[in-house]
Amino acid sequence: MEEEAASGVRMRELTSGEREELIEALKQKWDQVNMAYQKTTFKNISTSNSTIGEIRWKENCEKQLAQIEKDIARLSVKAPIFVVDDEDAAAMGMGASGAGGVSAGRSGRL
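Remember, the numbering used here sits 766 above the position in the sequence shown when you count from 1.
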């Protein structure tokens with residue numbers, strides 16, 4: 767919590783209920799991105815018969831799926847996860863979710 771003392775930002779541990787909600791929301795997002803990805807790859811996008819836009823869109827979907835999988839894995843670890851307290855997040859302009867202020871124990875930032 768040295769970070770907290772130096773920056774003056776209050777942190778709190780993410781509850782197990784909040785963690786489960788985040789994991790469920792990430793799984794739903796993964797399903798949405800995967801469904802769009804599957805529709806696109808069904809067309810057999812390759813470098814020889816596709817536009818640059820189609821290829822980039824497919825690559826972007828792959829990156830999103832990989833990032834969501836990493837986020838789910840980080841949240842699934844039993845180590846404590848700390849987030850910026852809601853009041854401090856609002857004061858910093860991050861919104862109520864505190865996105866960007868989440869850290870996973872010793873694992874680093876989420």
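We treat Cβ as the ideally placed atom computed from N, Cα and C, and that holds for glycine. Just so we're clear, the structure is a prediction, and the values are computed from it rather than from any experiment.
What would DSSP say about residue i, mapped onto helix, strand or coil?
{"i": "Val-850", "result": "strand"}
{"i": "Arg-776", "result": "coil"}
{"i": "Asn-800", "result": "helix"}
{"i": "Lys-844", "result": "coil"}
{"i": "Thr-817", "result": "coil"}
{"i": "Thr-781", "result": "coil"}
{"i": "Lys-824", "result": "helix"}
Would you kindly work out how many angstroms separate the C-alpha atoms of residue i and residue j, rounded to a whole number?
{"i": "Arg-822", "j": "Ser-782", "result": "37 Å"}
{"i": "Leu-831", "j": "Val-775", "result": "31 Å"}
{"i": "Val-799", "j": "Lys-824", "result": "10 Å"}
{"i": "Tyr-803", "j": "Lys-836", "result": "18 Å"}
{"i": "Ile-789", "j": "Ile-838", "result": "6 Å"}
{"i": "Lys-795", "j": "Arg-778", "result": "25 Å"}
{"i": "Arg-872", "j": "Glu-784", "result": "Low confidence applies here, because Arg-872 scores a pLDDT of 38, under 50, leaving its location unreliable; read the following figure in that light. Approximately 19 Å, taken between the alpha carbons."}
{"i": "Lys-844", "j": "Glu-787", "result": "15 Å"}
Less than 8 Å between the CB atoms is what I'm expecting for residue i and residue j, so what's the real figure, rounded?
{"i": "Ile-834", "j": "Leu-780", "result": "In fact, because the Cβ distance is near 18 Å, the residues do not count as touching under 8 Å."}
Nearest to residue i by CA position, among the options, is which residue?
{"i": "Thr-806", "options": "Val-843, Ser-842, Glu-786, Cys-827", "result": "Cys-827"}
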